[in-house]
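For the sequence shown, numbering that gives the first Met the number 0 gives the first residue as 0, with consecutive numbering after it. Note that CB positions come from ideal geometry on N, CA and C, so glycine has one too. In this text the structure is predicted, and so the values were computed from the model without any measurement. Below is one structure, written out as structure tokens; comments come after it.
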Amino acid sequence: MFVLDEMAHEYEKKHDDVIRMTLGKSELPPSAPVVEAMLAPAADYRTASLVFPAGLPQLRDRLALEYQQRYGVHLPSNRFVISTGTSTTFRNLHQLLVTEGDEVLVPLPCYPLYVFTARLVGARVRHYRVDPHSLEVDLASLEAAMTPRTRVVIVNSPGNPFGNVVDRRRFLEIDAIVAGRATLVSDEIYVNCLFDDEPYSAAELMGNSFSKGHRMYARRVGYAIVGEEPVEPMSVIQHHKALTTDPVPQFGAIAALDSRRTSPNWWTVTGHGGTTRSRPSGTCRTSGSYPPAAAST
Ligand SMILES: Cc1ncc(COP(=O)(O)O)c(C=O)c1O
């Protein structure tokens, strides 16, 4: 993957019409309030050197508020464990939940992170299918792939690469098949790129980050929402592996959450079901194709 990205970098030095189809990285920068929110902390040593292995308390509180307002779920802020992105979260989760010989169930096709981080801890990776025509999780293949060694089942919605959405009903069906035999982990990193459906946050264990929806790709802030039990071990793993997530982009993440509701860069569009949804201008290349008449600024 990075080989192609490095090749693209070389091409870009000579040509101005290179279209990158390598990393899921927006060509647009993070929004102005996000960048501004990082400047002052970056210049202030006391703030820039704050060390909180599980994340800045202000960001964890802000995330708890976000989930209350957006999804109506009441979660204490200590259940949000901040990390340097979903990538780190998956590495930590697998280290916590899986030992050699255990099995991790992963969608096919999938983003390679799950396979790689599961194999790093000696797990065997098995797949369940996402149907390329209906874009639904194939429940029969999920059922068939479950074994007594299954420790983790990963769901990714909206999914990479298909863009398939696992709605509440389907998620409950998946949960019924897993039936407490393994930990369900939901990667919801593209939830802010969901424009026609209601966003649905599912999981017992959930991972998300600011890379995609807020275009903070290289600023490296993500989070896991975990049950009561894994809070402490997740924080300890973070402490010893990374010490802390840089506080500066965490201030940017707080601004990203604040500006999502107030920014004039959010459009309101009417989805297929007649519901009104918000859409961040410029998050995807296709944003301009939405009718400007539907824009509310
Ligand atoms: C489905 C999925 N999960 C996780 C990641 C990694 O994201 P992060 O930047 O939070 O590490 C990506 C990045 O492309 C992705 O597509």
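Rounded separation between residue i and residue j - CA only
i    : j    : result
V247 : G212 : 18 Å
N264 : T149 : Reliability fails at N264, whose pLDDT of 40 lies under 50, so the model's placement of it is uncertain and the value that follows must be treated cautiously. Rounded to the nearest angstrom, the two C-alpha atoms are 43 Å apart.
S76  : M6   : 42 Å
K24  : R218 : 12 Å
E9   : L64  : 44 Å
L49  : P131 : 46 Å
L138 : E172 : 8 Å
R168 : D43  : 48 Å
V114 : V105 : 7 Å
A122 : V80  : 24 Å
F170 : R45  : 44 Å
S210 : G84  : 7 Å
E187 : N207 : 5 Å
S234 : T98  : 19 Å
S258 : N191 : 13 Å
K12  : D4   : 13 Å
R78  : G71  : 16 Å
G179 : I253 : 34 Å
Identified DSSP bridge partners for residue i
i    : result
E102 : R123 and T149
G221 : S82 and S208
S185 : V154 and M205
R128 : L107
V136 : V129
Exposure of residue i, with buried meaning 16 or more beta-carbon neighbours within 10 Å
i    : result
M205 : buried
G158 : buried
A202 : Confidence at A202 is low in this model, with a pLDDT of 47, below 50, so its placement is unreliable and the value that follows should be read with caution. Buried: at least 16 other Cβ atoms inside 10 Å.
A53  : buried
I224 : buried
V215 : The displayed chain sequence assigns Met, not Val, to residue 215. Buried, because 16 or more other Cβ atoms sit within 10 Å of the Cβ of M215.
E231 : exposed
D245 : buried
R61  : buried
H14  : exposed
P229 : buried
I236 : buried
R118 : exposed
T116 : buried
A144 : buried
M20  : exposed
8 Å Cβ cutoff, residue i in contact with chain D
i    : result
Y110 : The structure shown contains no chain D, having only a single protein chain.
Beta carbon of residue i nearer than 8 Å to that of residue j
i    : j    : result
L134 : N163 : yes
F89  : L58  : no
G221 : S30  : no
H126 : L96  : no
A181 : V152 : yes
F51  : T243 : yes
P28  : F250 : no
D174 : L183 : yes
Quiz item: Around ligand 1, what residues have a beta-carbon under 6 Å from a heavy atom of it, in chain order?
Solution: The filter returns G23, G84, T85, S86, Y110, L112, N155, N159, D186, I188, S208, S210 and G221, in chain order.
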